[in-house]
DNA sequence: CCTTTTTTGTTGGAATTACAACAGCAATAT
DNA sequence: ATATTGCTGTTGTAATTCCAACAAAAAAGG
């Protein structure tokens with residue numbers, strides 16, 4: 004367990020904790036690491052989930068098969084990140100498969116132990132709960148933003164809403180985005196070339212200006228040609 | 004506060020608690036109800052949020068204005084439901100406005116008090132934390148499912164994924180959905196009539212059968228005409 | 001510097017979708 | 001029974017989007 008301290012200390016769940024604090028809380032949680040081979044399944048769709056996982060080494064894929072057997076990968080969980088926390092906290096049944104994309108070491112934690120302050124001896128449990136809730140809440144906010152974008156009917160509206168949100172987040176009409184064109188198209192779930200065309204139109208209409216990842220919203224009425 | 008006990012007891016956050024337990028925990032949280040008039044704002048975009056809200060009476064709308072002043076309502080929060088919990092837990096800045104659609108009474112709770120077990124005298128704080136996390140986790144799971152649907156490029160794929168998921172959730176090839184056609188179209192963010200046409204095609208191809216809200220997935224290869 | 005690779009913009013045709021308008025049907029009310 | 005209302009399916013047209021292929025520009029590597 005010793006050698007995992009650096010990973011844990013920089014993880015979303017345990018961030019900000021010292022080695023001493025980590026020792027105390029890991030003892031309190033009675034969490035044990037477990038090794039998995041590449042392509043080995045951690046759990047399957049429909050399994051009852053009571054533990055969350057934290058990737059100590061390697062990488063985990065969350066995947067799904069629909070009724071007709073078509074497979075999709077829904078997320079890749081890397082070192083220091085947690086998974087299955089929502090399934091363990093709420094529905095207790097997983098709608099997804101989890102398998103290791105590489106040889107991996109996973110730390111499993113009973114969700115009840117994570118969320119219940121056990122004894123006064125473990126003084127860092129409150130911090131853990133705060134971190135855990137912050138992770139859930141942040142995912143929530145990001146997903147809400149994504150849904151807002153995906154709900155727009157046209158590519159133009161998806162772009163305008165996305166850019167408007169970025170501008171508001173960075174509190175400036177000029178801002179940079181964390182995507183290249185292909186990534187932005189994937190995020191908005193549209194065709195890259197069609198999106199590129201819409202960006203060009205918006206620039207020609209004087210609504211936005213851009214250079215690579217830097218965008219600027221110009222104070223133009225949307226209806227103006 | 005007395006008269007709000009029935010509402011609280013059936014709320015997502017405090018469900019399952021007796022009046023005695025509620026008294027203890029409300030005392031522990033030092034939560035105070037506050038009245039708002041119709042159309043009165045609770046907070047604005049960009050405000051720093053440290054408290055979550057619970058609607059005791061009335062109704063709250065979460066809304067947003069984009070860069071060009073176009074307004075949209077993102078959610079309606081009704082009696083017994085909570086809001087602003089994610090903003091208070093993570094980013095601390097609200098990307099949304101909250102205002103009352105009717106005269107309302109809101110119970111505000113400091114998020115730190117909700118998440119930190121204060122003293123041993125309040126034995127139900129652990130239950131509260133579990134409930135709180137369950138609410139966040141459930142929203143998370145629902146949003147993931149919605150994103151999966153919205154990400155599909157064609158109406159046909161949106162329908163197939165949605166129906167496949169419902170079938171898997173209800174563990175049966177035959178199942179009912181909680182939407183009528185217009186609501187389903189809104190959920191999938193497509194045009195109702197176009198969706199209706201796609202449903203007809205899928206039925207003609209022998210892939211699905213349906214009558215009103217009852218659907219059945221027939222064991223047909225997707226590529227079959 | 002030149003070559004290779006990656007990213008971005010552009011085009012045209014095929015497919016899909018939105019939109020509007022209307023008809024059929026069921027449920028409800030008068 | 002009749003009228004009203006709401007829900008669903010159908011149709012045709014216009015607009016949008018996807019897709020594939022290619023060109024231009026930028027970045028990376030030798």
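Residue numbers (the numbering used here), protein chains in the order written: chain X, 4 to 228; chain H, 4 to 228.
Beta carbons are placed, not taken as given, at the ideal position from N, Cα and C, and that holds for glycine.
Rounded separation between residue 220 of chain X and residue 191 of chain H - CA only: In the first chain, counting from the first residue as 1, residue 220 of chain X sits at position 217. In the second chain, counting from the first residue as 1, residue 191 of chain H sits at position 188. Rounded to the nearest angstrom, the two C-alpha atoms are 29 Å apart.
So what does DSSP say about residue 213 of chain X, is it helix, strand or coil? What you label residue 213 of chain X is simply residue 210 of the first chain in a count that begins at 1. Three-state result, residue 213 of chain X: strand.
Residues in the segment 129 to 140 of chain X having any Cβ partner in chain H nearer than 7 Å: Of all residues in the segment 129 to 140 of chain X, 129, 132, 133, 136, 137, 139 and 140 have a Cβ within less than 7 Å of some Cβ in chain H.
What is the C-beta distance between residue 3 of chain H and residue 34 of chain H, in whole angstroms, given that I count them as a contact (C-beta under 8 Å)? No statement about residue 3 of chain H is possible, as the shown extent of chain H runs from 4 to 228 and does not include it.
By how many angstroms is the C-alpha of residue 200 of chain X removed from the C-alpha of residue 175 of chain H? Position 172 of the second chain, counted from the first residue, corresponds to residue 175 of chain H. Position 197 of the first chain, counted from the first residue, corresponds to residue 200 of chain X. Roughly 44 Å separates the two Cα atoms.
Less than 7 Å between the beta carbons of residue 183 of chain H and residue 164 of chain H, yes or no? Numbered from 1 along the second chain, position 180 holds the residue referred to as residue 183 of chain H. Numbered from 1 along the second chain, position 161 holds the residue referred to as residue 164 of chain H. Contact: no.
If residue 78 of chain H sits next to residue 65 of chain H, beta carbons under 8 Å apart, how far is it from one beta carbon to the other, in whole angstroms? Working through the second chain from its first residue, we reach residue 78 of chain H at position 75. Working through the second chain from its first residue, we reach residue 65 of chain H at position 62. Between residue 65 of chain H and residue 78 of chain H the Cβ distance is about 4 Å, and since that is below 8 Å, they are a contact.
Residues near residue 227 of chain H by beta carbon distance below 6 Å, same chain, minus five either side: Walking along the second chain from the start, residue 227 of chain H turns up at place 224. Unreliable positioning characterises residue 227 of chain H in this predicted model, as indicated by a pLDDT of 47, which lies under 50. A coordinate reading is not provided.
Assess, as a yes-or-no matter, whether the segment 127 to 147 of chain H is touched by the segment 23 to 43 of chain H under the definition of 3 or more beta carbon pairs within less than 8 Å. yes
Contact list for the segment 180 to 214 of chain X against chain H, Cβ threshold 8 Å: 192
So what does residue 219 of chain X bridge to, in DSSP terms? Here residue 219 of chain X corresponds to residue number 216 of the first chain, with the count starting at 1. BP columns for residue 219 of chain X point to X:177 and X:212.
If contact means a Cβ-Cβ distance below 9 Å, which residues of the segment 154 to 179 of chain X contact chain H? 154, 155, 156, 163, 164, 166, 167, 168, 170, 171, 172, 174 and 176
For residue 80 of chain X, return the contacting residues in chain H, with the cut-off set at a CB-CB distance below 8 Å. Reading the first chain from its first residue, position 77 is the one you call residue 80 of chain X. Correct list: empty, because the minimum Cβ distance to chain H is about 14 Å.
Considering only C-alpha positions, which residue in the set H:9, H:18, H:6 and H:7 is nearest to residue 135 of chain H? Within the second chain, residue 135 of chain H is the residue found at index 132, counting from 1. Checked all of H:9, H:18, H:6 and H:7; the closest Cα to residue 135 of chain H is H:18.
When you compare the CB of residue 89 of chain H with every CB in chain X, is at least one pair closer than 7 Å? On the second chain, residue 89 of chain H is found 86 positions in, with the first residue counted as 1. Residue 89 of chain H counts as touching chain X.
Hey, does residue 149 of chain H have any beta-carbon neighbour from chain X nearer than 7 Å? The residue labelled residue 149 of chain H in the question sits at position 146 within the second chain. Output row for residue 149 of chain H: interface = yes.
Residue 69 of chain H at chain X interface by Cβ criterion, 7 Å: Translated into the one-based positions of the second chain, residue 69 of chain H becomes position 66. At least one chain X Cβ lies under 7 Å of residue 69 of chain H.
Under the criterion of a Cβ to heavy atom distance below 6 Å, does residue 9 of chain H qualify as lining the ligand HEM? With respect to the ligand HEM, the structure offers nothing, as it holds no ligand at all.
Would you mind sorting residue 177 of chain H into buried or exposed? The rule is 16 or more other CB atoms within 10 Å of its CB. Looking up residue 177 of chain H in the second chain gives position 174. By the Cβ-count criterion, residue 177 of chain H is exposed, with fewer than 16 other Cβ atoms from all chains shown falling within 10 Å of its own Cβ.
Rounding to the nearest angstrom, what Cα-Cα distance links residue 116 of chain H and residue 69 of chain H in this structure? Residue 116 of chain H sits at position 113 when you count from the first residue of the second chain. Residue 69 of chain H sits at position 66 when you count from the first residue of the second chain. Roughly 33 Å separates the two Cα atoms.
Residue 54 of chain H versus residue 32 of chain H: straight-line alpha-carbon distance, rounded: Numbered from 1 along the second chain, position 51 holds the residue referred to as residue 54 of chain H. Numbered from 1 along the second chain, position 29 holds the residue referred to as residue 32 of chain H. Whole-angstrom Cα-Cα distance: 11 Å.
Considering only the alpha carbon of each residue, which of X:205, X:46, X:10 and X:217 lies closest to residue 180 of chain X? Position 177 of the first chain, counting from 1, holds the residue named residue 180 of chain X. Closest by alpha carbon: X:217.
Using the beta-carbon of each residue, which ones in chain H are nearer than 8 Å to residue 146 of chain X? Along the first chain, read from residue 1 onward, the residue named residue 146 of chain X stands at position 143. Identification of chain H residues near residue 146 of chain X by a Cβ-Cβ cut-off of 8 Å yields 143, 146, 147 and 150, ordered along the chain.
Helix or strand or just coil, what does DSSP make of residue 56 of chain H? Numbered from 1 along the second chain, position 53 holds the residue referred to as residue 56 of chain H. The answer is strand: DSSP assigns residue 56 of chain H an E or B state.
For residue 63 of chain H and residue 101 of chain H, which I take to be in contact (beta-carbon distance under 8 Å), what is that distance rounded to the nearest angstrom? Numbered from 1 along the second chain, position 60 holds the residue referred to as residue 63 of chain H. Numbered from 1 along the second chain, position 98 holds the residue referred to as residue 101 of chain H. Residue 63 of chain H to residue 101 of chain H, Cβ: 6 Å. Contact.
With DSSP collapsed to three states, give me the class of residue 135 of chain X. In the first chain, residue 135 of chain X corresponds to position 132, counting from 1. Helix at residue 135 of chain X.
Is the CB-CB distance between residue 132 of chain H and residue 87 of chain H below 7 Å? Taking the second chain and counting its residues from 1, the one referred to as residue 132 of chain H is at position 129. Taking the second chain and counting its residues from 1, the one referred to as residue 87 of chain H is at position 84. No, Cβ-Cβ distance for residue 132 of chain H and residue 87 of chain H is not below 7 Å.
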